[in-house]
Amino acid sequence: MSTASSAAVGPPPGMAVRLSSNESPFGPSPAAIEAAQRALADAHRYPDDQSVALRTALAEHESVDLDQVAVGTGSAALLMDLIPHACADTQAPDTQNPEVVAFERSFVVYRLAARNAGARYVEVPTAGPATREDDGYGRSVDALLDHVTDDTRVVAVDNPGNPTGAHLTADELTRLISGLPEHVTIVIDEAYHHFASGQRGYARVRELSVDHPRLLTLTTFSKAYALAGLRVGAMVGPAGLIAPVDGRRTRFNVTATGQAAAIASLDDVDHLQHTVTGTVEGRARMAAGLRELGIPFTDGLGNFLTIELGTPSPPIVEAYAGHGVGVRPLAPYGMDEQLRVTVGTPDEVAAFLSASQSVLAEVPARG
Ligand SMILES: Cc1ncc(COP(=O)(O)O)c(C=O)c1O
1 MSTASSAAVG
11 PPPGMAVRLS
21 SNESPFGPSP
31 AAIEAAQRAL
41 ADAHRYPDDQ
51 SVALRTALAE
61 HESVDLDQVA
71 VGTGSAALLM
81 DLIPHACADT
91 QAPDTQNPEV
101 VAFERSFVVY
111 RLAARNAGAR
121 YVEVPTAGPA
131 TREDDGYGRS
141 VDALLDHVTD
151 DTRVVAVDNP
161 GNPTGAHLTA
171 DELTRLISGL
181 PEHVTIVIDE
191 AYHHFASGQR
201 GYARVRELSV
211 DHPRLLTLTT
221 FSKAYALAGL
231 RVGAMVGPAG
241 LIAPVDGRRT
251 RFNVTATGQA
261 AAIASLDDVD
271 HLQHTVTGTV
281 EGRARMAAGL
291 RELGIPFTDG
301 LGNFLTIELG
311 TPSPPIVEAY
321 AGHGVGVRPL
331 APYGMDEQLR
341 VTVGTPDEVA
351 AFLSASQSVL
361 AEVPARG
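Numbering (our numbering), first residue to last: 1 to 367.
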């Protein structure tokens, strides 16, 4: 599998319907836009380096203390600080060969952060692709635990996962966390949790009865809160672990506009609900349309579906582009015959399904 470059994750230019980057098509909360505009008028001032108001709001939201919350320029930036820290942490038993363990086809930043840490990136095999009957890429807790060694410093799990949409249930996650030794830093990345809540056994870490001294959860304002362009992410965990990771970040990293918009977003429960409902409904419409076309796909719990083509993806991506629809090829994940398609607005979902009728007509039958 190749190491994904930043070029591999950029949006396709000029697409009328952009379903390639797991963004929210419903846009930010109007209150967040207003708050960001107000903050912009003070753009000659540095932001609050400690992001106290935002961290306070998040602490309240997550029912934890202020010193248990860190924020960064997206959760990706937090991962880039956290994973090297956890690999070098002298409080964990010493190792010359730190390892970062994740499921195959996990969020690409785990691999990039492991590389920056000089750590070995260990991928745990998952089940194979979807068929017409079943979702693909199922994850096994036992398989992951089998890959943990004395050298393991980090276990990172995106739940639900990107780009596969696979998830661990509450029971599976509990078993995983309970089965990991105390020297391992556990990162449960809940970037898509809003779209998964209450479905198919999914639960956030905060809903479980688990205890581990190095357990962290990541969330982001890029997905359900629709602030991807402002770059705000958050990490919650034990204060003793949060402080040194926070110490690694670039000063004044989260902009004043980002802080203001994120705080306003947390308060706008109605807009969040509108986004989540619209996304879950759109995902169901996309799934029904693909089923009608007989195309195998993984009906995951993110704001996207992962489609099996049974043929190399580049010409298919081109064909969608011909219809003005941008979709995501997954070659950087070693998935040459798959596409990831983000759930759009009702009109965008309709445009995708309409394009799919001709684009996918030639795709060989599978499963
Ligand atoms: C699983 C997962 N985690 C984290 C992120 C990063 O989000 P951000 O850096 O925008 O907060 C993404 C973005 O696509 C993701 O898919």
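Glycine included, C-beta positions come from ideal geometry on N, C-alpha and C. Every value quoted in this text rests on a predicted model; they were computed, and no experiment measured them.
Any non-hydrogen atom of ligand 1 within 8 Å of residue i CB
i: residue 81; result: no
i: residue 327; result: no
i: residue 231; result: yes
i: residue 369; result: Residue 369 lies beyond the range of the chain shown here (1 to 367); nothing can be said about it.
i: residue 196; result: no
i: residue 22; result: yes
i: residue 109; result: yes
i: residue 265; result: no
Nonlocal neighbours in the same chain, by C-beta distance under 8 Å from residue i, ignoring five residues either side
i: residue 59; result: 65, 66, 68 and 69
i: residue 128; result: 136 and 137
Residue interval of the beta strand (DSSP E) (run including residue i)
i: residue 169; result: That residue, residue 169, is in no beta strand (DSSP E); it is neither H nor E in DSSP.
i: residue 337; result: 335-342
i: residue 99; result: 99-103
i: residue 307; result: 304-308
i: residue 311; result: Here residue 311 belongs to no beta strand (DSSP E), and DSSP marks it neither H nor E.
i: residue 234; result: 233-236
i: residue 329; result: 328-330
Cutoff 7 Å; reference residue i; Cβ partners in own chain excluding five residues on either side
i: residue 5; result: For residue 5, the predicted model reports a pLDDT of 43, less than 50, meaning its position is unreliable; a value from the coordinates is still stated below. If we look at residue 5 and ignore the five residues flanking it on each side, it has no Cβ neighbours.
i: residue 304; result: 22, 165, 340, 341, 342 and 343
i: residue 351; result: 17 and 325
i: residue 275; result: 24, 26, 224 and 226
i: residue 228; result: 23 and 222
i: residue 348; result: 17, 19 and 25
9 Å Cβ cutoff, residue i in contact with chain C
i: residue 158; result: The question asks about chain C, but that chain is absent: this structure has only one protein chain.
Alpha helix (DSSP H) segment containing residue i, residue limits
i: residue 240; result: 239-246
i: residue 110; result: 108-117
i: residue 73; result: Unbroken run through residue 73: none, as it is neither H nor E.
Cβ shell of residue i (< 6 Å), same chain only, five flanking positions each side left out
i: residue 369; result: Outside the shown range of the chain (1 to 367) lies residue 369, about which nothing can therefore be said.
i: residue 57; result: 263 and 266
i: residue 8; result: Confidence in residue 8 is poor, its pLDDT being 44 and thus under 50, which makes the residue's placement too unreliable to answer from.
Would you say the segment 329-339 touches the segment 300-315, given that touching needs at least three Cβ pairs under 8 Å?
-> Enough Cβ pairs lie closer than 8 Å, so yes.
Do the segment 44-61 and the segment 73-87 touch if we need at least three Cβ pairs shorter than 8 Å?
-> No: the two stretches stay apart, fewer than three of their Cβ pairs being nearer than 8 Å.
Could you tell me whether the segment 135-154 touches the segment 180-197, where touching means 3 or more Cβ pairs closer than 8 Å?
-> Three or more Cβ pairs drawn from the segment 135-154 and the segment 180-197 lie within less than 8 Å of each other, which places the two stretches in contact.
Jot down the residue ranges of each uninterrupted alpha helix (DSSP H) in the segment 129-210, minimum 4 residues, whole runs only, in chain order.
-> Listed in chain order, the complete alpha helix (DSSP H) runs (minimum 4 residues) inside the segment 129-210 are 141-146, 170-179 and 193-196.
Decide yes or no for the touch test of the segment 128-136 against the segment 282-298: beta carbon pairs closer than 8 Å, at least 3 of them.
-> Yes, the segment 128-136 is in contact with the segment 282-298.
Counting only runs that start and end within the segment 258-308, where is the alpha helix (DSSP H) found for 4 or more residues in a row?
-> Listed in chain order, they are 269-293.
Evaluate contact between the segment 84-98 and the segment 113-125, counting only Cβ atoms and requiring at least three cross-stretch pairs below 8 Å.
-> Touching, yes, given that three or more Cβ pairs across the two stretches are closer than 8 Å.
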